[in-house]
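Enquirer: Start counting the sequence shown at 16; every next residue gets the next number (our numbering). All residues carry an ideal CB built from backbone N, CA and C; glycine is no exception. The following block contains the structure, expressed as structure tokens.
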Amino acid sequence: MISNMLRFPLSMFDDELDDWFFPRARPARHQTRSAYPPVNVGSTEKNVDVYLFVPGMDAEALDVVIEKNLLSVAGERKLVESTESEGDFTRKERYEGQFKRVITLPEEVDTESAEAVYRDGVLHINLAKQMDAKPRQIQISVH
16 MISNMLRFPL SMFDDELDDW FFPRARPARH QTRSAYPPVN VGSTEKNVDV YLFVPGMDAE
76 ALDVVIEKNL LSVAGERKLV ESTESEGDFT RKERYEGQFK RVITLPEEVD TESAEAVYRD
136 GVLHINLAKQ MDAKPRQIQI SVH
């Protein structure tokens with residue numbers, strides 16, 4: 016990275032500006048445990064879809080709460096103990112312990128129509144957008 020900075024000193028600045036003005040859907044650079052579980056949020060004309068990646072967890076260990084445009088997901092990934100036959104771990108990268116993610120949704124949603132499905136380690140939450148009154152033309156009467 017340092018050699019790149021010496022050859023292209025403004026490239027990091029350009030990358031930061033690009034990220035600010037033209038955000039892209041890509042993995043976080045410095046993802047920490049506070050960013051667990053990883054999340055994808057997308058939307059269509061009528062829905063907001065949230066995908067949380069929690070492989071190896073039971074659906075019963077997850078708690079999902081929605082209020083206005085805030086989605087909260089909490090849970091606990093249990094500690095996996097090594098057995099004597101396996102020996103001790105020399106490296107552990109699997110997140111273990113309690114977590115809570117609060118995600119600001121791009122729009123307000125209808126909390127009553129929320130649906131959540133857990134399959135193959137992915138929690139998919141589908142939320143219908145709150146539909147405002149559609150604009151209509153108002154005729155003006157002359158008296």
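How would you call Arg92, buried or exposed, if buried means at least 16 neighbouring beta carbons within 10 angstroms?
Expert: The residue is buried, with at least 16 neighbouring Cβ atoms inside 10 Å.
Enquirer: Any idea which residues DSSP pairs Arg116 with across the strands?
Expert: Paired residues: Val88.
Enquirer: Alpha carbons only, please: which of Tyr133, Val88 and Phe104 is nearest the one belonging to Phe114?
Expert: Among Tyr133, Val88 and Phe104, the Cα nearest to that of Phe114 belongs to Val88.
Enquirer: Would you call the stretch 77-87 in contact with the stretch 102-113, where contact means no fewer than 3 C-beta pairs closer than 8 angstroms?
Expert: Touching, no, given that fewer than three Cβ pairs across the two stretches are closer than 8 angstroms.
Enquirer: Confirm, please, whether the CB-CB distance from His139 to Asp64 is below 8 angstroms.
Expert: Yes, the pair counts as a contact, with Cβ atoms nearer than the cut-off.
Enquirer: Please confirm whether Arg116 and Pro52 have their CB atoms less than 8 angstroms apart.
Expert: Closer than 8 angstroms, so yes.
Enquirer: What is the rounded straight-line gap between the Cα of Ala143 and the Cα of Ile118?
Expert: Near 16 angstroms, if we compare the C-alpha coordinates of Ile118 and Ala143.
Enquirer: Straight-line CA distance for Asp147 to Leu85?
Expert: Each residue's alpha carbon lies about 18 angstroms from the other.
Enquirer: If you reduce the DSSP assignment to three classes, tell me which class Glu127 lands in.
Expert: Helix.
Enquirer: Quick one: give me the first and last residue of the beta strand (DSSP E) that Val69 is part of.
Expert: Where Val69 is concerned, there is no enclosing beta strand (DSSP E), given that its DSSP letter is neither H nor E.
Enquirer: Residues in the same chain with beta-carbon distance under 8 angstroms from Val9, minus the five sequence neighbours each way, listed in chain order, please.
Expert: Since the first residue of the chain shown is 16 and the last is 158, residue 9 is not available in this structure.
Enquirer: Please check the pair Glu123 and Gln145, which I expect to be a contact at CB under 8 angstroms, by giving their CB distance rounded to whole angstroms.
Expert: Sure, about 5 angstroms apart at Cβ, within 8 angstroms.
Enquirer: Spatial neighbours of Lys83 within its chain, please: C-beta separation below 7 angstroms, excluding the five flanking residues on both sides.
Expert: Result list for Lys83: Glu123, in chain order.
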